[in-house]
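Below is one structure; the comments refer to it alone.
Chains as they are written, first to last, in my numbering: chain Y, 1 to 303; chain F, 1001 to 1124; chain B, 2001 to 2160.
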């Protein structure tokens, strides 16, 4: 399972027993209820009176509450700062422990939290209802008293299983990577791979040298053959006519060239074979795999 | 460098992986000041946690930085330092990186918000 | 006695609305982070496309961005606080025009002399992302303030 982007960014509140008790006790006084709260009460075994209007979620955006900053400043001004800080730092010392436990558990489970929650809309409804009830002197409960005992659940990431095709491809790429690493490691041990081309300049120059030497050798031998026919036979047998000497030289050179050509071809072919060797080796692997699964054998062509 | 002091506004600094840094630098937030201190740090897999921590603390100390961006996966590594930083300036923004989506339950400030509730006798 | 009660009620009501505001802010905060994530991801894709088109991984990388040893330059983007806003410490982004002589260099030119289309698009995507960041930073500050206010309000109510 992979975490992916958060889709539902709503804040959720897991109601505590206190909230439920309150809802159960005060249900006669409600005039309307959001559908989510109604559902919540039903699943927890509380019936709603018949005459309550259930509000449907119509996707209406609720404005942020206005905060009386003046009052806030006035009230907070009374609270000495150091106390807050102390309290805060205490809390922060305690918090991580709790949080870490919570996080650990979550990560162990790695499941979305289940159950019924209060959403922002429900909180607004609750707040309005409470202020209404307070006005009617039915109860003296404030929202914060209710929700402080509840749990705030932050938006969670969607969990998505990995795409199996991607998984397969990753597996294949990983195998190839490992194979390459293995070849690199065993290069000095495996005689068959001794001439396997590397990606370095020294290797390229080396192989270039080899080919140049082979060609130079060919030219030298042919030249030597011609020299033998042109001068050597003349010296051995005596003075010969010029045309005959050239003919002899060319013939000797030709014979040697033929023989050399054979060796050169053989050598170059060998070199090609070395280049091909790892490729052929790799091809063998899928063939063995093909005996177990036919799908695998067909796949390399498709990609 | 009289020019430097005359510039108004503060900087955004970034601690993140290659793509995040390159991207935001393309956006034009990068600066190297006259002391040759860059306001960005590229973290790769060889970077030690202590280096990230030192860099983060250095950014906190600089008074010309207003926002510190940090990839959330690296913020996880130095969580204690970020939790200890409570003053609003510079603001530490934990941003998602390309291979780690944003996780609300790890964000320092949201964890603080959640810590204000004391859940008890919850109903499942 | 009654005045104290009224005051307490007002304080409690205030705390209620603070809590509600906090929930709003948490939602907005999360949403802004999701937006950042989206923009960031599309920017990363554009960067990857640039790399793919130019061949090789080194065409757009850390190797191109300046280091400690390169010459100094100034940021094009700066955070400016607009103190006349309703909350007092809203911030916004201000951009400076590119001007080589005073140290405002164009970041695109680090990567290539003739930046490809996708790299330009990536740059503009990340510019959008920076705007989102400022918005997110504002939200985070508000949230931070609200959390602090709530904890001090709690102290206040407990004291009474």
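For glycine and all other residues, C-beta sits at the position ideal for the given N, C-alpha and C.
Everything numeric in this text was worked out from a predicted model, so none of it was measured.
Say whether chain Y places a C-beta atom closer than 8 Å to the C-beta of residue i.
i                       : result
residue 1025 of chain F : no
residue 1011 of chain F : no
residue 1125 of chain F : What is shown of chain F runs 1001 to 1124, which leaves residue 1125 of chain F out entirely.
residue 2030 of chain B : yes
residue 2023 of chain B : yes
residue 2130 of chain B : no
With a threshold of 8 Å between beta-carbons, can residue i be considered close to chain F, or not?
i                       : result
residue 2155 of chain B : no
residue 2159 of chain B : no
residue 157 of chain Y  : yes
residue 2113 of chain B : no
residue 93 of chain Y   : Any answer about residue 93 of chain Y is weak, because its pLDDT of 38 lies below 50 and its placement is not dependable; what the coordinates show is given next. It does not: the Cβ of residue 93 of chain Y has no partner Cβ on chain F nearer than 8 Å.
residue 173 of chain Y  : no
residue 1963 of chain B : In the structure displayed, chain B extends from 2001 to 2160; residue 1963 of chain B sits before or after that span and is not available.
residue 154 of chain Y  : yes
residue 2061 of chain B : yes
Per the DSSP calculation, residue i is bridged to which residue(s)?
i                       : result
residue 1016 of chain F : F:1042
residue 2226 of chain B : As shown, chain B starts at 2001 and ends at 2160. That puts residue 2226 of chain B outside it, with no answer to give.
residue 313 of chain Y  : An answer regarding residue 313 of chain Y cannot be provided, because it is not within the stretch 1 to 303 covered by chain Y.
residue 1091 of chain F : F:1067
residue 1050 of chain F : According to DSSP, which records beta bridges pairwise, residue 1050 of chain F is partnered with nothing at all.
residue 2064 of chain B : Partner(s): none; residue 2064 of chain B has no beta bridge.
residue 160 of chain Y  : Y:2
Grab me the residues of residue i's own chain with a C-beta within less than 8 Å of its C-beta, minus the 5 sequence neighbours each way, in chain order.
i                       : result
residue 2149 of chain B : 2018
residue 301 of chain Y  : Confidence at residue 301 of chain Y is low in this model, with a pLDDT of 45, below 50, so its placement is unreliable and no value can be given for it.
residue 1019 of chain F : 1097 and 1098
residue 222 of chain Y  : 253, 256, 257 and 260
residue 157 of chain Y  : 3, 4, 5 and 6
residue 2154 of chain B : 2015
Name, please, each residue of chain F whose Cβ falls closer than 9 Å to the Cβ of residue i.
i                       : result
residue 2095 of chain B : 1028
residue 2127 of chain B : 1026, 1027 and 1028
residue 143 of chain Y  : Simply none; closest approach about 13 Å.
residue 6 of chain Y    : 1101, 1102, 1103 and 1104
residue 2066 of chain B : 1025, 1030, 1032 and 1038
Do residue j and residue i have their beta-carbon atoms positioned less than 8 Å apart in this structure?
i                       : j                       : result
residue 2157 of chain B : residue 2005 of chain B : no
residue 2137 of chain B : residue 2065 of chain B : no
residue 1990 of chain B : residue 2130 of chain B : The displayed coordinates of chain B run from 2001 to 2160. Any statement about residue 1990 of chain B would go beyond what the structure contains.
residue 1077 of chain F : residue 1095 of chain F : no
residue 15 of chain Y   : residue 55 of chain Y   : no
residue 1056 of chain F : residue 1081 of chain F : yes
residue 1026 of chain F : residue 2075 of chain B : no
residue 1039 of chain F : residue 1031 of chain F : yes
residue 2135 of chain B : residue 2103 of chain B : no
residue 1041 of chain F : residue 2151 of chain B : no
residue 1072 of chain F : residue 1106 of chain F : yes
residue 2108 of chain B : residue 2120 of chain B : yes
residue 1114 of chain F : residue 154 of chain Y  : yes
residue 32 of chain Y   : residue 13 of chain Y   : no
Check the Cβ-Cβ distances between residue i and every residue of chain B, and say whether any is below 8 Å.
i                       : result
residue 1084 of chain F : no
residue 1113 of chain F : yes
residue 1053 of chain F : no
residue 1002 of chain F : Residue confidence is low: residue 1002 of chain F scores 37 on pLDDT, short of 50, so the model does not pin down where it sits. Its coordinate-derived value is still stated next. No - not a single Cβ of chain B is within 8 Å of the one on residue 1002 of chain F.
residue 127 of chain Y  : yes
residue 1081 of chain F : no
residue 123 of chain Y  : yes
residue 1034 of chain F : yes
residue 160 of chain Y  : no
residue 1063 of chain F : no
Just to make sure I have the definition right: I need the residues of chain F whose C-beta is within less than 7 Å of the C-beta of residue i. Which are they?
i                       : result
residue 2136 of chain B : 1093
residue 3 of chain Y    : 1101 and 1103
Give the interface partners of residue i over in chain Y, defined as CB-CB distance under 9 Å, in chain order.
i                       : result
residue 2109 of chain B : Those within 9 Å of residue 2109 of chain B in chain Y number zero; the least Cβ separation is about 32 Å.
residue 2037 of chain B : 5 and 6
Excluding sequence positions up to five away, which residues of its chain have a Cβ less than 7 Å from the Cβ of residue i?
i                      : result
residue 269 of chain Y : none
residue 44 of chain Y  : 20
residue 267 of chain Y : 214
What residues from chain B crowd round residue i, counting only those whose CB sits closer than 7 Å?
i                       : result
residue 147 of chain Y  : 2019
residue 1031 of chain F : 2073, 2074 and 2075
Can you find the residues in the same chain that come closer than 6 Å, C-beta to C-beta, to residue i, ignoring five residues on each side of it along the sequence?
i                       : result
residue 2035 of chain B : 2132
residue 2118 of chain B : 2046, 2049 and 2050
residue 2115 of chain B : 2108
Which residues in chain B have a C-beta closer than 8 Å to the C-beta of residue i? List them in chain order.
i                       : result
residue 1078 of chain F : The contacting residues do not exist; residue 1078 of chain F stays about 18 Å from chain B at best.
residue 1098 of chain F : 2040, 2041 and 2044
residue 1069 of chain F : 2133
Which residues in chain Y sit within 7 Å of residue i, going by Cβ to Cβ distance?
i                       : result
residue 2139 of chain B : Within 7 Å Cβ-Cβ: nothing; residue 2139 of chain B doesn't reach chain Y, min ~11 Å.
residue 2027 of chain B : 9, 10, 11 and 120
residue 2034 of chain B : 5, 6 and 9
residue 2016 of chain B : 127, 142, 143 and 144
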